[in-house]
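Visitor: Chains A and B are the protein sequences, given in the same order.
Mapping the first sequence onto the working numbering, position 4 (from 1) lands on 4, and the numbers just tick up by one.
Each number in the working numbering corresponds to the 1-based position in the second sequence with 1000 added.
Protein chains: 2
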Amino acid sequence: MFEDAELGHTLSKEKFDRRIAAVRNALLDAQYALLESRGASVVVLMTGVEGAGRSETANALMSWLDPRHVEVNGLADPSDEEQERPRFWRFWRALPSRGKIGFFFGSWYNYPVLRSSLGRKRQWGKLDRRISEINRFEQMLANEHTLVLKFWFHLSRKALRKRQRELKKHKATRWRVTARDRRFLKHYDDFREVAEHLLRETSQAHAPWLIVEGSDRRYREMFVAGELLEALKARLAAPETKAPLPATPTPSSSVDRNRTVLAALDLTKKLTKDEYEDELERAQGALAMLSRHKRFKDHSVILVFEGNDAAGKGGAIRRVAGAFDSRMVRVIPIAAPTDEEKLHPYLWRFWRHLPRRNNIVIFDRSWYGRVLVERVERFCAAGDWQRAYAEIDDFEEEMTGHGIVVAKFWLATSKEEQLKRFKERERVSFKHYKITPDDWRNRKKWDAYAQAVCDMVARTSTKEAPWTLVEANDKYYARIKVLKTVRKRIEEALE
Amino acid sequence: MFEDAELGHTLSKEKFDRRIAAVRNALLDAQYALLESRGASVVVLMTGVEGAGRSETANALMSWLDPRHVEVNGLADPSDEEQERPRFWRFWRALPSRGKIGFFFGSWYNYPVLRSSLGRKRQWGKLDRRISEINRFEQMLANEHTLVLKFWFHLSRKALRKRQRELKKHKATRWRVTARDRRFLKHYDDFREVAEHLLRETSQAHAPWLIVEGSDRRYREMFVAGELLEALKARLAAPETKAPLPATPTPSSSVDRNRTVLAALDLTKKLTKDEYEDELERAQGALAMLSRHKRFKDHSVILVFEGNDAAGKGGAIRRVAGAFDSRMVRVIPIAAPTDEEKLHPYLWRFWRHLPRRNNIVIFDRSWYGRVLVERVERFCAAGDWQRAYAEIDDFEEEMTGHGIVVAKFWLATSKEEQLKRFKERERVSFKHYKITPDDWRNRKKWDAYAQAVCDMVARTSTKEAPWTLVEANDKYYARIKVLKTVRKRIEEALE
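See the structure below:
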């Protein structure tokens, strides 16, 4: 794999000088065309062997490009705010918006490579799990208008040793060889073995690895600039070449309309007002106590509320939020995306709201909009909502893998009950804001929505992040079921 | 000051129950009206004596309001990302957008009150400086469509002691009395003295203190709900009642056009290409070394670039950015605000980009747009740009007070030189994107801009955050002057 990058590629000063002006101009032109079209964001990973010239190359590129539209992300040690979120949070946070270019030093490759090679017992199984996460993440990026370029800066062991010796010779450069560099040299062979495996397994058409021989400054700078330029030009010429969808079958329509998870709900379930008040107090009290539990400080909670229009999401959310100290809870109502959000991958606007530890975030509607309203109303292409199931699964796995308690609720009413509530909302003045023409329009597509809900539940209900279908014709019953479920989920996590 | 709040106000269950339904409905109505109008954001401070029922009251309000449009900010200990920014960063970060309500527990009052009263030697001088900062901050909020309500929850020493005793009596509530609470009781009289002074000095028409007697749950909840409701209703009824401008004189127009700081520049200054290349290498090298200095890790750097159109800001920025490791630098081009930014106070979109320590942020255009283009083109009311001088001053004082190195550059060309560059831009294809009809339009207002620049420099050039006027008819000269100035500023900070 690294053979070509150990041949001793160099570029003479003469050749470099002859070419560079044209490359720089073309790079600038491509950058402005990208900015104008907003067709894609560009993620450039700068990774590989320490000391193979990554930062020098990035510095050179930065001086050739217009730095106002480039973001360079060091991403060394995570801050405490980053540590309290799932691992990918800091990368999501740093994703450039469309039109911009982001260079990443620390990236999703650092941890698995270094962990697996330096000092520790190698764990191939764990590494392979990381690899498949990474592949899915990059696939998602590619599908979400992101051009991913991955540069691996290579130096042979010999070249690396030579470089360190030379730096150590001179007083002015001695400081540049750190203890970490020396340790790295010692473990070079392990590192190389892991890297080969990793690169082979993560090289994909939509996110290729480009191996750069790092020993000659002019060669590596020209190489990276040239590859970036070609990739930009290709993208600008054919902006719509999306990575083909992985072969997932389209969600199967249930053949028998009367045997769905929704149809199986017993919507006559109800509670009397007395039962409700009694249970409400008990359930809220229990949640309050749980949130003060010592171990709760290590967790956060994410609750997702979806449901038919007028199913009572707002009321249920208030009862859950009211159980906790208000300083711990934030309710995020999901409406139309802002212009910043539109310039990022679909899930970005949800990632940004993930809570710190000891906090609860309640989503009033959520990322499931993709496979519900966007599917039914055809706001996105079929391919987009079909791949969303897997992307959502990865998203939630990131959460649960980080110890976040996840619970998802679908509040289901009957079509008749909905009609009754719509009419009441139109009648009662202070509920008027709650009913819009959209609601009536959605109602006409009741069956299509029901189908989408069944597919969603079938494909995204997991042990760690299960869906709870809530019989919501009776608001009292629904609220208590929600509260009890949240309680159970948190109790399980604290055990 | 607290006499009224020690009278033992209570509210019977009967009265509370009779009123609360109406208050809740009215609150909800007002909240939705606020959300619809987007006329103001609402900042509610919940502060005062520990144990006087702040969080219970917030919890109650949260269950009466629609929690989807309320954000409760605990703001206890700052995170490391917060500690690396100026003190007010975390409050700016938490400001609700227009249409929303934000409750603040930790607020800009915590630090001065507690520091000045608990345990430490009291420093009245310092406290008074904080007080005037706070008053200016709240004045700015009021002017920027923010309704500020400050609740001070009060308990007399006797009532507080009684409350702690009662809590300690029962096993179920004993945990609620912390060491901090006991310490607080011990220092109660000091605290009260400081608080009286603070409240007196920070009570303003546009940000009044409302003192709540905290001993009776129903009384305090009804009090806070009632005051919030009245304030919302008043605001909705008269959305445009802005706080009157403090009596700052309008910037004086310079009587003699030929004796301004701009006219005094010697625009014939220039460097030869050889001199430039020589100086460039030296200056960039010096900056690179400074950025690796041990003490640099404790600082961050903010550079502001303003100037005539086509004065060469971009080129100068590239030379500065290129001096540093690209991972440390971010260039922020200031264009039209995003929709999220428009829903926040004017300076919010600049605050959000303040760097962490050991980082450099370069603003390509900046908050000075308020007193330049917005003033000249009348994009904002005269009062808005007039008060901006003081607001900007406070903003930059926050930076420099935190150890941030601030340097501001005005790149000045002659009118003739600008014309030459405009024409060249139109001629050269790859510079074409740089020239727009706006540029020609702005040029027609040359004198008005010159006036605005002189006023700006006169009013916002401070010892800690000085303006450097750069003779920019010769690009080489300009870039070197910028680089040398940045170097000098950083050197001074590291000394």
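Just so you know, even glycine gets a beta-carbon here, dropped at the ideal spot from N, CA and C.
What you are looking at is a predicted structure, and each value in this text was computed from that prediction instead of being measured.
Alpha carbon to alpha carbon, how far is A/Lys484 from A/Lys100?
Guide: If I take the Cα positions, the gap works out to 46 Å.
Visitor: When you compare the segment 354-368 of chain A with the segment 291-310 of chain A, are there three or more beta-carbon pairs, one atom per stretch, that lie closer than 8 Å?
Guide: Judged by Cβ distances under 8 Å, the segment 354-368 of chain A makes contact with the segment 291-310 of chain A, as three or more pairs qualify.
Visitor: Since A/Ser107 meets chain B, which of its residues come closer than 8 Å, beta carbon to beta carbon?
Guide: Those within 8 Å of A/Ser107 in chain B number zero; the least Cβ separation is about 13 Å.
Visitor: Could you give the DSSP three-state label for B/Leu1494: helix, strand or coil?
Guide: Of the three classes helix, strand and coil, the one that applies to B/Leu1494 here is helix, per DSSP.
Visitor: A/Val49 and A/Leu127 - do their beta-carbons sit closer together than 8 Å?
Guide: No, they are not a contact pair.
Visitor: What are the start and end residues of each continuous alpha helix (DSSP H) run of 4 or more residues lying completely inside the segment 1280-1355 of chain B, in chain order?
Guide: Whole alpha helix (DSSP H) segments, 4+ residues: 1313-1321, 1339-1342, 1348-1351.
Visitor: Which one of A/Ala264, A/His145, A/Leu45 has the shortest CA to CA distance from A/Ser107?
Guide: Per the Cα distances, A/Leu45.
Visitor: Could you give the uninterrupted runs of the beta strand (DSSP E) lying entirely in the segment 371-452 of chain A, keeping only those of 3 residues or more?
Guide: Here the runs fully enclosed are 405-412.
Visitor: So, at 7 Å on beta carbons, what are the nonlocal neighbours of B/Tyr1477 in its own chain, with the 5 sequence-adjacent residues on each side left out?
Guide: Answer for B/Tyr1477: Lys1269, Lys1270, Leu1271, Glu1471, listed in chain order.
Visitor: I want to verify the contact list: residues of chain A whose CB lies under 8 Å from the CB of B/Gly1074, in sequence order.
Guide: Those are Arg327, Met328, listed as they occur along chain A.
Visitor: What residues in its chain sit with their C-beta under 6 Å from that of A/Lys375, if we drop five residues either side in the sequence?
Guide: Sequence check: residue 375 of chain A is Arg here, not Lys. Counting only Cβ-Cβ distances below 6 Å, and skipping sequence neighbours, we find Trp385, Ala452.
Visitor: Identify the continuous beta strand (DSSP E) that holds A/Gly106 and give its terminal residues.
Guide: Counting along the chain, A/Gly106 falls outside any beta strand (DSSP E), and DSSP gives it neither H nor E.
Visitor: Does chain B have any CB closer than 8 Å to the CB of A/Met62?
Guide: At least one chain B Cβ lies under 8 Å of A/Met62.
Visitor: What are the uninterrupted segments assigned as beta strand (DSSP E) that are 3 or more residues long and contained completely in the segment 177-246 of chain A, given in chain order?
Guide: DSSP runs (the beta strand (DSSP E)) wholly in the segment 177-246 of chain A: 209-213.
Visitor: For A/Val42, which residues does DSSP report across the bridge?
Guide: Partner(s): A/Ile101, A/Leu147.
Visitor: Rounded C-beta distance between A/Arg87 and A/Asp394? I'm assuming under 8 Å.
Guide: Actually they do not touch by this definition, with Cβ atoms about 12 Å apart.
Visitor: On the three-state DSSP scale, how would you describe A/Thr10?
Guide: Coil, per DSSP.
Visitor: Name the one or two DSSP bridge partners that B/Leu1469 has.
Guide: For B/Leu1469, which the question treats as bridged, DSSP gives the partners B/Trp1410.
Visitor: So, using beta-carbon positions, are A/Leu347 and A/Glu391 closer together than 8 Å?
Guide: In contact: A/Leu347 and A/Glu391 (Cβ atoms closer than 8 Å).
Visitor: Beta carbon of B/Arg1220, beta carbon of B/Gly1226: below 8 Å?
Guide: No.
Visitor: Consult DSSP for A/Asp364 and reduce its assignment to one of helix, strand or coil.
Guide: In this structure, A/Asp364 counts as strand in the three-state DSSP scheme.
Visitor: If you reduce the DSSP assignment to three classes, tell me which class A/Glu275 lands in.
Guide: In this structure, A/Glu275 counts as helix in the three-state DSSP scheme.
Visitor: Consider the Cβ of B/Glu1424: report whether some Cβ of chain A lies at a distance smaller than 8 Å.
Guide: So no, B/Glu1424 is outside the interface.
Visitor: Which residues bound the alpha helix (DSSP H) around A/Asn59?
Guide: Note, A/Asn59: alpha helix (DSSP H), 54-64.
Visitor: In chain A, which residues lie less than 8 Å from B/Gly1314 when you measure between Cβ atoms?
Guide: In chain order: Asp66, Arg68.
Visitor: Hey, quick one: how far does the beta strand (DSSP E) through A/Glu71 stretch, first residue to last?
Guide: Per DSSP, A/Glu71 belongs to the beta strand (DSSP E) from 70-73.
Visitor: Rank A/Val212, A/Phe151, A/Tyr109 by C-alpha distance to the C-alpha of A/Glu3 and give the top, closest one.
Guide: Of the listed residues, the one whose Cα sits closest to A/Glu3 is A/Val212.
Visitor: Rounding to the nearest angstrom, what Cα-Cα distance links A/Gln31 and A/Trp152 in this structure?
Guide: Roughly 22 Å separates the two Cα atoms.
Visitor: Taking 7 Å as the cut-off, is the C-beta of A/Arg352 nearer than that to any heavy atom in the ligand GTP?
Guide: Among the components modelled here there is no ligand, and therefore nothing to report on the ligand GTP.
Visitor: For A/Phe2, does the three-state DSSP call read helix, strand or coil?
Guide: Of the three classes helix, strand and coil, the one that applies to A/Phe2 here is coil, per DSSP.
Visitor: For B/Thr1338, return the contacting residues in chain A, with the cut-off set at a CB-CB distance below 8 Å.
Guide: The contacting residues are Thr338, Asp339, Glu340.
Visitor: What residues match up with B/Trp1175 in a beta bridge as DSSP calls it?
Guide: Partner(s): none; B/Trp1175 has no beta bridge.
Visitor: Quick check: the Cα distance between A/Val457 and B/Lys1342, rounded to an integer number of angstroms?
Guide: Going from the Cα of A/Val457 to the Cα of B/Lys1342 covers about 38 Å.
Visitor: Taking beta-carbon pairs under 7 Å, can you tell me which members of the segment 1027-1060 of chain B lie near chain A?
Guide: Against chain A - using a Cβ distance shorter than 7 Å - the residues of the segment 1027-1060 of chain B are Leu1028, Asp1029, Tyr1032, Ser1055, Ala1058, Asn1059.
Visitor: Residues in the same chain with beta-carbon distance under 6 Å from A/Gly39, minus the five sequence neighbours each way, listed in chain order, please.
Guide: Excluding sequence neighbours, A/Gly39 sits near Pro239.
Visitor: Using CA atoms only, rank isn't needed, just tell me which of B/Trp1351, B/Tyr1449, B/Ile1332 is closest to B/Arg1378.
Guide: Checked all of B/Trp1351, B/Tyr1449, B/Ile1332; the closest Cα to B/Arg1378 is B/Tyr1449.
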